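First the structure, in the form of structure tokens, and then the observations on it.
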Amino acid sequence: MRYREPFTIFPRKNKTGKSIWYFQTYDESGKRTTARSTGQTNKAAARTYVTELLKAGKLQPRKDPTFREYFGDWWDWEKCNYIQLRKADNAGGSGISPVYAENCRPFLMNHMLPYFGEKRLSAITVKTIEQWKLSLLEKQTRFKKPMSATSVNHVLRTLKTMYKEAVRISDLSYDPTDAVRFLKENRKEKSFPTIQEIHQWGLLLRFFKRWNRIYWGR
4 MRYREPFTIF
14 PRKNKTGKSI
24 WYFQTYDESG
34 KRTTARSTGQ
44 TNKAAARTYV
54 TELLKAGKLQ
64 PRKDPTFREY
74 FGDWWDWEKC
84 NYIQLRKADN
94 AGGSGISPVY
104 AENCRPFLMN
114 HMLPYFGEKR
124 LSAITVKTIE
134 QWKLSLLEKQ
144 TRFKKPMSAT
154 SVNHVLRTLK
164 TMYKEAVRIS
174 DLSYDPTDAV
184 RFLKENRKEK
194 SFPTIQEIHQ
204 WGLLLRFFKR
214 WNRIYWGR
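According to this note's numbering, the sequence shown holds residues 4 to 221 in order.
Below you can see the structure in the form of structure tokens.
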């Protein structure tokens with residue numbers, strides 16, 4: 004049986020007549036994938052470029068996961084990569100607390116996954132998130148009342164954190180939440196403390212406990 008290389012390379016001329024080398028691979032069904040540019044102008048350099056992609060495991064185009072597949076483990080204290088990174092960066096006391104994660108996780112489970120769960124990340128646009136934001140205002144709380152603007156903003160702020168991190172680590176190239184504005188809040192409205200406030204209180208409580216142990220032996 005004849006050996007087939009995992010990729011093919013070929014030149015294409017651009018508008019200026021200059022030849023740029025492209026490559027194609029094969030998907031799981033054996034069909035050729037869309038051609039991608041190597042950015043190289045000679046065959047040897049193009050082959051080297053693609054071979055390096057192959058060695059790094061980056062030859063296949065990045066898959067387009069669903070929201071659930073990518074964000075499903077977020078805010079889980081043991082599984083969330085973001086939390087593990089923040090815990091590792093806690094040398095200066097600026098990490099993340101279990102209380103913070105415990106308050107964010109229900110936002111994901113109750114308000115994000117039911118709406119975005121099976122959508123491909125590429126299909127989630129600014130308009131999609133704006134529609135979701137408005138839908139939350141119509142959603143009833145456990146007290147049989149619509150969600151307040153303040154509560155919706157808490158959930159939206161959490162989603163923004165998730166997308167911002169995905170872009171920071173280069174898993175995503177675009178953050179659709181960046182252009183989504185917060186709702187106007189009613190200042191007289193009673194609401195629960197924000198997750199940021201809870202996090203700050205948790206840090207303050209740990210400080211006083213440590214201070215008591217050092218100075219009072221408690």
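Glycine residues also receive a C-beta, built at the ideal position from the N, C-alpha and C atoms. Note that the structure is a prediction, hence the values are computed from the model and not measured.
- Y166: not part of any beta strand (DSSP E); member of the alpha helix (DSSP H) spanning 152-171, first to last residue.
- By the 16-neighbour rule on beta-carbons within 10 angstroms, T41 is buried.
- Check the Cα spacing between K187 and each of M165, I172, L159: the tightest is with L159.
- In this structure, DSSP gives S40 an extended state, which the three-state scheme calls strand.
- Contact between the region 154-168 and the region 100-115 is present: three or more C-beta pairs spanning the two stretches fall below 8 Å.
- By the C-beta density criterion, L140 is exposed, having fewer than 16 other C-beta atoms within 10 angstroms.
- In this structure, the beta-carbon distance from V170 to V129 does not fall below 8 Å.
- Comparing alpha carbon positions, the residue from Y85, F26, T69, T144 closest to T161 is Y85.
- Counting along the chain, P14 sits inside the beta strand (DSSP E) bounded by residues 11-16.
- Ranked by how close their Cα comes to the Cα of L62, the residues A47, N156, D30 have D30 in first place.
- Between D67 and S151, the gap from beta carbon to beta carbon reaches 8 Å or more.
- In this structure, the CA atom of K136 is about 28 Å from the CA atom of G98.
- Non-local C-beta neighbours of Q143 in its own chain, meaning closer than 7 Å and more than five positions away in sequence, comprise P149, ordered along the chain.
- The way I'd put it, the region 45-62 doesn't touch the region 71-78; fewer than three beta-carbon pairs between them come closer than 8 Å.
- Residue burial annotation: Y177 is exposed, with fewer than 16 other C-beta atoms found within 10 angstroms of its C-beta.
- In this structure, L175 is the residue among K90, K18, R35, L175 with its C-alpha nearest to the C-alpha of I127.
- Around the beta carbon of Q43, 16 or more other beta carbons lie within 10 angstroms, which makes this residue buried.
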